[in-house]
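Let me begin by presenting the structure, written as C-alpha cells, before commenting on it.
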Amino acid sequence: MAKKKSVPKDIPQRADRDRRVRQSERIARVLQVLNLIQSRGRWNVKAIARELDCSERTVHRDLNVLEFCGVPFFFSEEEQCYRVRSDFRFPTLMLTGEEALGQAIATRITGAAGLDVGLGAAPTTKKLASASSEETKQIIFDAMSLVDVFDLKLADHSRHGENLKSIQMALLGSNQLTGVYESPYEDASVKLTIHPYRLCLVKQAWYIIGHIDGELKPKTFRVARFKSLRQTMAIADRPSNFDLRKYFGNAWSVYRGDKAYEIELRFDAIAARTVIETNWHHTQQVAKHRDGSITLRFTIDGLDEIQNWILGWSGHVQIVAPDELRVSIVKRLSLGIQINSESFNTP
755 MAKKKSVPKD IPQRADRDRR VRQSERIARV LQVLNLIQSR GRWNVKAIAR ELDCSERTVH
815 RDLNVLEFCG VPFFFSEEEQ CYRVRSDFRF PTLMLTGEEA LGQAIATRIT GAAGLDVGLG
875 AAPTTKKLAS ASSEETKQII FDAMSLVDVF DLKLADHSRH GENLKSIQMA LLGSNQLTGV
935 YESPYEDASV KLTIHPYRLC LVKQAWYIIG HIDGELKPKT FRVARFKSLR QTMAIADRPS
995 NFDLRKYFGN AWSVYRGDKA YEIELRFDAI AARTVIETNW HHTQQVAKHR DGSITLRFTI
1055 DGLDEIQNWI LGWSGHVQIV APDELRVSIV KRLSLGIQIN SESFNTP
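Throughout the sequence shown, residue numbering follows the working numbering, covering 755 to 1101 in sequence.
Quick look at the structure:
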C-alpha cells in the first residue's frame, strides 16, 4: 500500500479570513447581477460579464446561485436579455427608525474631510433606502439633510486615499506593505516594508501600527507621511494577541514615552467649565473646588505630547506636578515671550 505523503509543515496555510473575503466578494457580485437584471437595461450574459469585469462562466455560476435562492428570473427571447418577475422583491433588513437615523449619521460622518476613507457609508445607505419603506426613506433623507460634520481639524489626507485603501486591503488579506516614508525627524526618506497590525484614527490623523520587516517591535507610522505605499503578496506576521490599548499604554496621544508621570493641573474658574466638557485622556480624574476652579489628574507615559495642550490653556492653568513638566513649560513660555518681544521691537 502506497504511503500517504504528509503536507510539509512549513507551507503557509491559507488564512480563514482570506476565504471570508472571497465569499464576501462573491456575494457582492451575485447581488450586483441581481441589481442589473432587475433594472430597465437589457442585460445578457455577455453584457453582465463586461459590466462586472468577469468571465461569462462566472456570470452563469452567479445566475445559478440566484436560481437556487428562488429568484424568479427568466430569459426574454424577444428582448434577448434576462428579466425578473415584476412582482418580485428581494428580502431586505427592516430598519427601525433609530437604526435608519444611525445609518444616516454614519454616512455624514464618513463623508467628512479626513474621515472619507474609501466610499464610506454612502453606497450602503443608498441601497438600504431604495429597498426601505417610505417612512424609513424619509428619516434617512431628513437626517442627511439636517446633520453635517465640519472643521474637525484633521490632517490633510486628500492625497492619500490610495494609501489608506492599500492599508485596508493589506490588513484584510494579511499582507505586507512596502513604501517610502518621510519623517520630519529624519534627514532623508526611507524605504520600508511593514507587517501591519492596525489602522487607527488618533486625535487628528490616521496612523498605521506594525513592525518593520526584520524587526520585532511594533512602531507607529503617520499615513500622511508615506510618499508611496502599496500592498505586496508576502504574508504579514501579525500577532493574534496584539492589544492596541496596551500598545499605546498611557500615551497622551500616539507616541508613548519611557517613563510614567502623575500629572496634576489646576484650572481657574474661567476655564474650568470648558475644560471638563471633554474627556482628554482615559486616566482623567476631576476634583472640583469651592471657588469654581478644578484640578485635573492624569497618569501619562512621557511628557512631550501633553505640553502643547497645556500651552493652549496658558494664563488659566497652574502645573502642580511634576516639577519637570513645570520647568519645561516655563522655558517654552519664556522663549515665546522673547521671540514675540523681538518681533514687536523690530521696525
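Backbone N, C-alpha and C fix where the C-beta goes; we use that ideal spot for every residue, glycine too.
Identified DSSP bridge partners for residue i
i       : result
Ser830  : Cys835
His965  : His949
Val956  : Ala959
Leu931  : Ile948, Gln985
Phe1052 : Ile1017
Arg783  : Arg783 pairs with nothing; no bridge assigned.
Thr974  : Ile963
Phe980  : Tyr935
For residue i, the first and last residue of its enclosing beta strand (DSSP E)
i       : result
Gln922  : Gln922 -> not in any beta strand (DSSP E); alpha helix (DSSP H) instead, spanning 915-927.
Gln1039 : 1039-1042
Limits of the unbroken alpha helix (DSSP H) element including residue i
i       : result
Ser899  : 888-900
Val1071 : That residue, Val1071, is in no alpha helix (DSSP H); its beta strand (DSSP E) goes 1071-1075.
Leu908  : Where Leu908 is concerned, there is no enclosing alpha helix (DSSP H), given that its DSSP letter is neither H nor E.
Gly851  : 851-864
Glu805  : 799-806
Tyr1001 : 998-1002
His1036 : Neither: His1036 is in no alpha helix (DSSP H) and is coded neither H nor E.
Arg811  : 810-822
Glu1059 : 1058-1065
Ala1028 : Per the sequence presented here, residue 1028 reads as Thr, with Ala not at that position. Per DSSP, Thr1028 belongs to the alpha helix (DSSP H) from 1023-1029.
From the options, residue whose alpha carbon lies closest to that of residue i
i       : options                           : result
Ala1041 : Phe975, Leu1050, Lys881           : Leu1050
Val977  : Arg999, Asp1022, Leu931, Asn995   : Leu931
Ser1133 : Val799, Arg811, Asp991, Tyr1009   : Because the chain is modelled from 755 through 1101, residue 1133 falls outside the range shown and cannot be assessed.
His965  : Tyr1001, Arg979, Glu936, His911   : Tyr1001
Trp1006 : Trp1034, Val1029, Phe975          : Trp1034
Arg913  : Ile863, Cys954, Val871            : Val871
Arg1027 : Lys1013, Ile1017, Asp1045         : Asp1045
Asp1106 : Arg999, Gly1069, Phe980, Asp1058  : Since the displayed the chain opens at 755 and closes at 1101, residue 1106 lies outside it and no answer follows.
Glu833  : Gly868, Leu806, Thr812, Arg796    : Arg796
Phe822  : Ile863, Val1071, Leu788           : Leu788
Glu1059 : Asp1077, Leu906, Gln1072, Ser1082 : Ser1082
Trp1067 : Ile1030, Asp1012, Asp905          : Ile1030
With 16 other Cβ atoms within 10 Å as the buried cut-off, status of residue i
i       : result
His1036 : exposed
Gly968  : exposed
Ile1064 : buried
Ile765  : In this prediction, Ile765 scores a pLDDT of 46, lower than 50, which makes its location untrustworthy; the coordinate-derived value is nonetheless stated afterwards. Flag for Ile765 reads exposed.
Phe1121 : The question about residue 1121 has no answer here: the residues shown for the chain are numbered 755 through 1101.
Ala942  : exposed
Leu873  : exposed
His911  : buried
Leu1019 : buried
Val934  : exposed
Leu925  : buried
Ile1048 : buried
Gln792  : buried
Leu1079 : buried
heavy atom of the ligand COA below 7 Å from residue i C-beta
i      : result
Val977 : Annotation note on the ligand COA: not contained in the displayed structure, which lists no ligands.
Is it a yes or a no for the region 904-920 touching the region 975-991, going by three-plus beta-carbon pairs under 8 Å?
yes
Exercise. Does the region 778-789 come close enough to the region 812-826 that 3 or more CB-CB pairs lie under 8 Å?
Worked result: Contact annotation: the region 812-826 touches the region 778-789, with at least three C-beta pairs closer than 8 Å.
> Quick check: the region 874-894 against the region 850-866, are there 3 or more CB pairs under 8 Å?
Replying inline: yes
**Study point:** Inter-stretch contact at 8 Å, needing at least 3 Cβ pairs: the region 886-897 / the region 936-952
**Key:** no
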